[in-house]
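Numbering (this note's numbering), first residue to last: 4 to 186. Even for Gly, the Cβ is constructed at its ideal location relative to N, Cα and C. First up is the structure itself, then whatever we jot down about it.
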């Protein structure tokens, strides 16, 4: 049975598709990382981010929100010179803002980042029944609501399309086509 067409035959993409994409993620730090990486992907191909992911992890202290939230001009300048990542000042600033927003959610006592995100799908995976990749939407009313909620909490680079890609990546939505072995 064929995989989802979007992953092509690049070994990095295939491994990501087969082992990560659509697998439910509930670790608060990992969710922060994936949200940031989806933000860095804005306007680019996901494979670019995927191939730089290890560099991003090194550059951003393994996406430890407590460390990233404290980044100042020195760290930002270092990141802007790091050829191993996407050197966009607005996206770097977004990752820092997202770390601060993540901390605010975690410190406010209302639960975890996991709970904050998964409430948008009532803590249940949405299983779609797409026959082709072309049927898969770029955003949905749920991703629009998630984007609005994240923005209300001061997150950056979290529009409806980024939120939907994030929801797919972390398994909130199963958008593997029905012919895919991962479905």
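On a CA-only basis, which of 154, 120, 134 and 143 is nearest residue 28? Give me that one, please. 120
Whose C-beta lies closer than 8 Å to the C-beta of residue 35 among residues of the same chain, with five residues either side of it excluded? 66, 68, 101, 102, 105 and 116
For residue 13 and residue 48, I'd like the C-alpha separation in whole angstroms. 13 Å
Tell me, please, whether the segment 80–95 touches the segment 10–26 by the rule of three or more beta-carbon pairs shorter than 8 Å. no
Per DSSP, which residues does residue 58 bridge with? Please list them. The partner list for residue 58 (beta bridge, DSSP) is empty, contrary to what the question assumes.
Could you tell me whether the segment 161–169 touches the segment 146–153, using the rule of 3 or more Cβ pairs below 8 Å? yes
Environment of residue 84 [buried if 16+ CB atoms lie within 10 Å]: exposed
From the DSSP output, read off the bridge partner residues of residue 128. Beta-bridge partners of residue 128 (DSSP): none assigned.
Simplified DSSP state of residue 177, which is helix, strand or coil: The DSSP-derived three-state label of residue 177 is strand.
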